[in-house]
Amino acid sequence: MFENQTIGVTCPKCRNQIEQTIAWLKTHDKMTCAGCGSDFIINSEKLFTGIEKAEEAVSKFRKSIRSIGKRR
Ligand SMILES: [Zn+2]
Numbered sequence: 003m004f005e006n007q008t009i010g011v012t013c014p015k016c017r018n019q020i021e022q023t024i025a026w027l028k029t030h031d032k033m034t035c036a037g038c039g040s041d042f043i044i045n046s047e048k049l050f051t052g053i054e055k056a057e058e059a060v061s062k063f064r065k066s067i068r069s070i071g072k073r074r
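The structure is reproduced here in structure tokens:
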């Protein structure tokens, strides 16, 4: 469900924020900055740690909804 979410990646050179979908980021390890035109390596490790935490929070939230339903 997070595949189509966009996240902002900050250019290390000019600090320009580039919005990309998670699906795109998972298949690329480099991106070109629209601001200064330089290529840079995406720090995917750092990026996806944040995504995993978000997914974890969502799954916990879903579980709590399910357990509410079971009580009926
Ligand atoms: Zn840039």
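Mapping the sequence shown onto the numbering used here, position 52 (from 1) lands on 54, and the numbers just tick up by one.
Cβ atoms here follow ideal geometry from the backbone N, Cα and C, with glycine treated the same way.
> For ILE20 versus CYS35, is the C-beta spacing smaller than 8 angstroms?
Replying inline: The count along the sequence shown starts at 1 and reaches residue 20 at position 18. The count along the sequence shown starts at 1 and reaches residue 35 at position 33. Yes, the Cβ-Cβ distance between ILE20 and CYS35 is below 8 angstroms.
>> Am I right that CYS13 and PHE50 are in contact with their C-beta atoms under 8 angstroms? What's the rounded C-beta distance?
In response: Working through the sequence shown from its first residue, we reach residue 13 at position 11. Working through the sequence shown from its first residue, we reach residue 50 at position 48. Contact doesn't hold; Cβ gap of about 19 angstroms is too wide.
> LYS65: beta carbon under 7 angstroms from a heavy atom of ligand 1?
Replying inline: Position 63 of the sequence shown, counted from the start, is the residue given in the question as residue 65. No, since every heavy atom of ligand 1 falls outside the 7 angstroms radius drawn around the Cβ of LYS65.
>> Can you find the residues in the same chain that come closer than 6 angstroms, C-beta to C-beta, to LYS32, ignoring five residues on each side of it along the sequence?
In response: Here residue 32 refers to the residue found at position 30 when the sequence shown is read from its first residue. Excluding positions up to five away in sequence, the list reads ASP41 and ILE43.
> Name the DSSP beta bridge partners of VAL11, please?
Replying inline: As a first step, residue 11 is located in the sequence shown; it is residue number 9 there, counting from the start. Bridge partners of VAL11: ILE20.
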